[in-house]
Structures are given as structure tokens and as C-alpha cells.
Amino acid sequence: MSDKFIITPNGALTGDVHISGAKNAVLPVLAATLLTGQPCTVQNVPDLSDVEAMCGLLESLGAGTSFDASKGNLTVCAENLNTHEAAYEWVGKLRASFLIIGPMLARLGKAKIPLPGGCAIGSRPVDLHLKGLAAMGAEIEHTHGFICASAPKLRGAKIYLDFPSVGATESIMMAAALAEGQTIMENCAVEPEIVDLANFLNAAGADIRGAGTDTVKINGTRALRGVTHAVIPDRIEAGTFMVAAALTRGDIHLTNVMADHLKPVTAKLKEVNVNVMETESGLRVFHDPTMEVIATDIKTMPFPGFPTDMQAFFMSLMATAAGTSIITETVFENRFMQVGELKRMGAEIKIESRSAVIEGVPKLAGAQVTASDLRAGAGLMLAALNADGVTELGGVSHIDRGYCALEARLNRLGADIQRIS
Ligand code: EPZ
């Protein structure tokens with residue numbers, strides 16, 4: 012049974028918070044460690060259940076991992092991989108486990124990976140990953156819920172992605188790093204986590220140009236060497252704390268952030284009268300007591316548009332903003348799971364196909380609610396910080412997947428959240 016949070020509103024959150032390394036940068040980088048037989052050390056790694064699961068998966072393939080969570084240093088040595096098959100159990104634990112297919116194909120010439128099922132936010136197909144790998148010469152079969160792929164030698168190819176999928180861009184980039192010849196990816200994802208993965212691979216001897224733009228060229232190399240790489244800060248975790256400051260009308264200083272990665276979030280917060288100021292060591296987010304938080308419209312888009320991962324946080328903010336907001340979710344087809352729970356807290360929200368129409372109310376009311384997925388759960392946690400009365404939030408294991416000790420860090424800023432195991 013998953014833990015619960017008992018959240019008692021406790022006024023404005025104020026103080027400093029140090030942002031962790033990015034979960035969505037660490038997971039592809041850990042998959043990429045399979046591309047070399049030499050040890051790699053990843054730094055700035057957050058202590059998350061998703062990281063633990065990825066380490067378990069790597070070890071099930073024969074790699075060795077050692078994680079010093081206190082320092083955030085995780086070393087992986089994939090010298091002796093003893094199987095090309097990933098057990099079914101991993102895909103239930105971690106969707107990102109599918110990211111090992113590219114490295115396994117490049118390193119071993121074959122891979123048998125469970126086909127990821129859908130999850131709370133949508134069907135989440137992997138067709139673009141497979142289309143890219145097939146273009147590089149991989150034979151791909153889908154049998155009994157597994158993807159069996161084989162390619163004695165991957166060849167560089169020209170690949171146009173139908174959608175700038177983050178995962179597909181990462182899979183193809185990793186496979187292409189060791190393919191014969193040049194791969195050109197067009198209309199690929201440009202998220203900061205893609206750039207971070209390319210930086211890791213180039214440090215290991217790959218030849219990748221253009222990461223962060225929609226056209227990336229990869230000249231395959233024969234082998235990669237072990238490297239030490241510090242991952243970028245987690246822009247989604249940063250956005251969580253920024254909205255916590257806005258929702259509680261507080262004043263929070265975030266350190267270990269890259270302001271450029273947060274531009275779409277900063278722009279939206281300013282649009283609704285929340286101040287965001289760059290400091291020499293990070294970002295300060297504070298609410299001007301003479302101004303009220305007003306409604307605005309949001310449309311989630313691939314980077315550098317407004318991030319889909321922050322949609323739930325802003326829905327909680329707009330739930331008590333002055334006016335009517337429209338939030339349109341264009342990236343995932345089922346990412347309004349938090350709406351039902353917010354309505355139980357008194358929010359006025361109507362879903363019209365891919366959009367949610369939110370009529371701001373003065374206050375939400377504490378209630379018993381349940382997290383359906385990672386970011387919906389974080390969004391409900393934020394809404395509870397400023398509600399009238401106590402909220403009991405179930406399904407906290409979803410939140411532990413993507414945040415390290417979120418409640419303790421919010422409590423250090425003045426929140427009152429109790430974890431009940
Ligand atoms: C990554 O997921 C992130 N996860 C997600 O964060 C994030 O929401 C998403 O990118 C978008 O930014 C990790 O990096 C581990 P996509 P990913 O492939 O790679 C469709 C979180 O909360 N699509 O860009 O799965 C797909 O159905 C998580 O931290 C295909 O159609 O995202 C979706 O509608 C949630 N075919 C859209 O593209 C494919 O082959 C975006 O998916 C692949 C994707």
C-alpha cells in the first residue's frame with residue numbers, strides 16, 4: 012500500500028531550495044552507459060525510485076552499478092553484459108526501460124525488450140523509436156508482448172520523425188552513435204535532456220552535432236569510452252517549486268537551475284502576475300501582495316513551448332486564479348487525470364476534448380484525493396498547500412518516482428506535510 016501525505020495549509024512558502032539533477036536526463040544517460048564496456052560515472056543523480064529501477068534493469072543485463080546517493084554519484088560498468096533480454100517486470104516499473112533498445116542493438120546486435128504498455132497519461136506508443144531503428148537496418152518483430160530486434164551492424168540513415176518524440180530521438184541517437192556511417196535525424200526533439208545526452212555521448216567519444224536543434228547529425232564511431240558526466244538540473248522539479256511559491260503567495264529562491272530551460276514557465280508565471288527574477292545563483296519567485304494571480308491560457312507543446320510535465324501544476328494555480336483559463340494538452344491524449352480530484356477540492360473545471368476550461372474560485376477545500384501519476388500527484392500536492400482545510404493525498408509512490416523527499420523539502424520552506432506509511 013502506498014504512503015499518504017497529510018497536507019495542512021500553513022501559509023506562504025519562503026526560503027531557499029537546491030534543485031536536484033534531472034530525472035529525464037539521468038534515465039537516458041543510464042541507458043547510454045550500455046554503449047561502452049568501460050565504467051561511467053554519472054553525477055548530480057537524484058535518489059529516486061525510477062533511478063533505482065533503472066539500476067535494477069542494468070544489473071539484470073549483467074552490468075554493475077554503485078550509487079552513492081548522498082553525493083549523487085552513480086557508477087555503471089557494462090563490461091560484461093550476459094543477456095540481450097530485459098525481463099517483463101521492468102517495463103511495469105519503468106516505462107523509460109524501453110530506452111535500452113538502441114544501446115543493446117548497437118552493443119550486442121540484438122535486443123528483446125517488453126513492449127511498454129500504456130500508462131495513466133496515454134497509450135504512449137514506441138512506433139517512432141522502432142521506425143528509426145528499422146531505418147538503420149534493424150529487423151524488428153513484435154511477439155507475445157516483446158519487441159525482438161536484431162541488427163548485426165546498424166547503418167547510418169536519414170530519419171524524419173513524424174513527431175519530435177523525446178524518447179525516439181534518444182533511442183535513435185544512442186543507436187546511431189555506434190552505427191556505420193552518418194545518421195541524420197530531422198524534426199527531432201530539442202529538449203535540454205536531449206542536449207545533455209548528446210554531451211554525455213560526445214564526451215565518451217561519439218560524434219554528434221546539432222543536438223538542441225531539430226536536425227541532428229551523428230557520425231558513427233567504432234567504440235565509446237567510459238566518462239564522468241554531471242547531468243543538468245531538473246527543470247520540472249524547479250517548476251514545481253516555482254508554482255509552490257506562486258500558489259502560497261510566497262517567496263522562494265531556487266539554486267542549481269538553468270534559467271534558459273525554464274523560459275516558457277517563467278513567461279507564464281509573469282503573465283499571471285507572479286514575479287520571477289534571475290539572481291547570481293539562481294531564480295527568485297515571489298508574489299507581489301498588491302497583485303492578484305490572474306487567469307491565462309496555456310497550450311502544452313514540445314520544448315521550447317510550455318512543458319506538458321508542468322500542465323498539472325499550472326492547473327492547480329489557475330484553479331484559484333481570478334478569471335477563466337483554458338489549458339490545452341497537445342502532447343499526451345489523457346493527461347487531465349488530476350481534474351476529477353481537483354473538482355473534489357472545489358475546483359470549477361470542464362473538459363472539452365483536449366482542453367480544460369477552468370473558472371477560478373477564491374479557495375479550494377482540503378479533501379481526500381489520490382495521485383494517478385507522477386505530475387498529477389505533484390499538482391494535487393501543490394493545490395493542497397493553499398486549500399481551506401487538511402488534504403489527505405494517496406498514491407504517493409507515484410510522486411516518489413520523480414521527486415526526492417519532496418515533502419521534506421517543502422516543509423523546510425514552511426509547509427506542513429506529514430508522510431503516513
Ligand atoms: C518524455 O517521455 C518524458 N519522460 C516525459 O516525462 C515527458 O512528458 C515527455 O518526454 C514529453 O516531454 C522521460 O524523459 C523519461 P515523447 P517520452 O516520446 O519520451 C507520442 C515525467 O513526468 N509518441 O516525447 O515518452 C506519445 O504518445 C514524464 O517525467 C508516439 O506517438 O515522450 C506522446 O503523445 C511523463 N510514438 C508524444 O509522442 C512514439 O514512438 C510525446 O511523447 C513515441 C512517442
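Start counting the sequence shown at 12; every next residue gets the next number (the numbering used here).
No residue lacks a Cβ here, since even glycine has one placed at the ideal position from N, Cα and C.
The structure presented is a predicted model; accordingly, all values stated were derived computationally and were not measured.
Outcome for residue i when other beta-carbon atoms lying within 10 angstroms are tallied against a minimum of 16
i	result
residue 153	exposed
residue 64	buried
residue 164	exposed
residue 288	exposed
residue 31	buried
residue 99	exposed
residue 272	buried
residue 246	buried
residue 397	buried
residue 333	exposed
residue 149	buried
residue 420	buried
residue 320	buried
residue 128	exposed
residue 93	exposed
residue 79	exposed
residue 244	buried
residue 226	exposed
residue 231	buried
residue 318	buried
Local conformation of residue i per DSSP, three classes
i	result
residue 122	strand
residue 418	helix
residue 16	strand
residue 61	helix
residue 348	coil
residue 286	strand
residue 360	strand
residue 390	helix
residue 55	coil
residue 102	helix
residue 310	strand
residue 113	helix
residue 423	coil
residue 84	strand
residue 365	coil
residue 47	coil
residue 409	helix
residue 297	strand
residue 404	strand
residue 303	coil
residue 372	coil
residue 324	helix
residue 211	helix
residue 71	helix
residue 432	coil
residue 333	strand
residue 31	coil
residue 108	helix
residue 380	strand
6 Å CB neighbourhood of residue i in its chain, flanking five on each side removed
i	result
residue 323	349, 386, 387 and 390
residue 399	374 and 376
residue 77	86
residue 177	200 and 202
residue 411	60
residue 262	25 and 297
residue 90	48
Sequence-distant residues of its chain with Cβ nearer than 7 Å to residue i (five each side left out)
i	result
residue 236	47, 49, 215 and 216
residue 95	115, 119, 121, 122 and 123
residue 365	339, 340 and 341
residue 362	347 and 350
residue 228	193, 195, 220 and 221
residue 21	425, 426 and 427
residue 282	307
residue 13	405, 406, 407 and 408
Neighbourhood of residue i by C-beta distance below 8 Å, restricted to the same chain and skipping five residues each side
i	result
residue 294	249, 253, 264, 265, 268, 270, 273, 277, 287 and 288
residue 156	99, 125 and 126
residue 212	43, 46, 184, 185, 188, 219 and 235
residue 130	106 and 384
residue 110	38, 39, 42, 178, 181, 182 and 185
residue 140	109, 112, 113, 176, 178, 179, 182 and 183
residue 84	52, 53, 54, 56 and 78
residue 315	201, 274 and 275
residue 423	26 and 28
Proximity test, Cβ basis, 8 Å: residue i and chain D
i	result
residue 68	Of the chains in the structure shown, none is chain D; there is only one protein chain.
- Message: My parser needs the beta strand (DSSP E) runs of 3 or more residues fully inside the region 133-207; what are they?
- Response: Fully enclosed beta strand (DSSP E) runs of no fewer than 3 residues occupy 150-154, 157-161, 169-171 and 193-197 of the region 133-207, in order along the chain.
- alpha helix (DSSP H) runs contained entirely in the region 219-280, provided each spans 4 or more residues: For the alpha helix (DSSP H) assignment, the uninterrupted runs of no fewer than 4 residues enclosed by the region 219-280 are, from N- to C-terminal side, 246-258.
- Below 8 Å, can you find three or more Cβ-Cβ pairs linking the region 169-176 to the region 185-198? Yes, the region 169-176 is in contact with the region 185-198.
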